[in-house]
Amino acid sequence: MTLGTFDFQARSFYEKHGFTVCGTIKDWPRGHEDYLMIKRLDQSCEEYIPSKVCRYTIKPADGDDAEIIEDGLNEYNDSQVPYEHEWISLSKKIADDAGNTVAGCFAGVHGWHCAIVEMIWVDEALRNQGIGSQLLHEIEKEAKENGAYIAITESFDWSLPFFEKNGYTVAATRKDVPKGHNCYVLRKLL
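When we follow my numbering, the leftmost residue of the sequence shown carries the number 53, and every step to the right adds one.
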């Protein structure tokens with residue numbers, strides 16, 4: 053299991069439950085730290101059992117529940133470190149002459165002035181031609197114009213060289229995620 057928690061949230065709670073810090077994004081949001089944590093479910097660890105146990109029924113959640121949970125967490129985060137603006141979408145695509153999407157990037161600027169690059173893709177036939185770098189640089193340029201001072205993304209080991217070539221550095225490594233590979237959280241100061 054992997055997760056992130058800020059210094060004003062619940063790091064000690066997760067550590068009690070067997071999570072360990074695998075990396076830190078310093079100064080995000082400004083003046084704070086984002087702890088990236090992991091718990092190996094295929095390895096044993098001491099089980100935490102609270103002294104006071106409240107009995108609630110745990111049920112599956114759907115999309116509506118996810119929205120309630122996300123809104124609640126966003127409200128708490130905003131009470132600790134106020135968001136300075138709403139999410140600004142920077143998503144882009146590149147289409148060929150026939151109008152087919154051949155590359156794209158889902159990204160945006162978070163309310164704490166961070167560009168989040170959620171995913172970037174280039175059709176296999178067009179890779180290694182600089183298209184991905186061009187797309188990423190356009191996102192970063194627009195992010196800076198919208199007040200972003202840092203960019204954050206995730207990458208697996210097979211795409212890590214692309215991000216490193218574009219100036220990103222590893223902030224955290226989730227080893228053996230997925231099995232036999234690594235997942236990296238990367239940052240770049242803009």
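No residue lacks a Cβ here, since even glycine has one placed at the ideal position from N, Cα and C.
- Our two residues, F58 and N152, have alpha carbons roughly 40 Å apart in a direct line.
- Cβ neighbours of C157 within its own chain (closer than 6 Å, five residues either side excluded): K144, I172, L187, I191.
- Closest in C-alpha terms to M89, from the list T109, E99, S64, comes S64.
- In the three-state reduction of the DSSP assignment, D175 falls in the coil class.
- Look at the stretch 168 to 213 and you find these whole runs of alpha helix (DSSP H), each 4 residues long or longer: 183 to 197.
- For I121, the three-state secondary structure derived from DSSP is helix.
- Here the alpha carbons of K217 and E138 stand approximately 30 Å from one another.
- Contact between the stretch 120 to 136 and the stretch 90 to 98 is not established, with fewer than three Cβ pairs separated by less than 8 Å.
- For F60, the secondary structure class from DSSP, reduced to helix, strand or coil, is coil.
- Linking S141 to I202 through their CA atoms gives a straight-line distance of about 16 Å.
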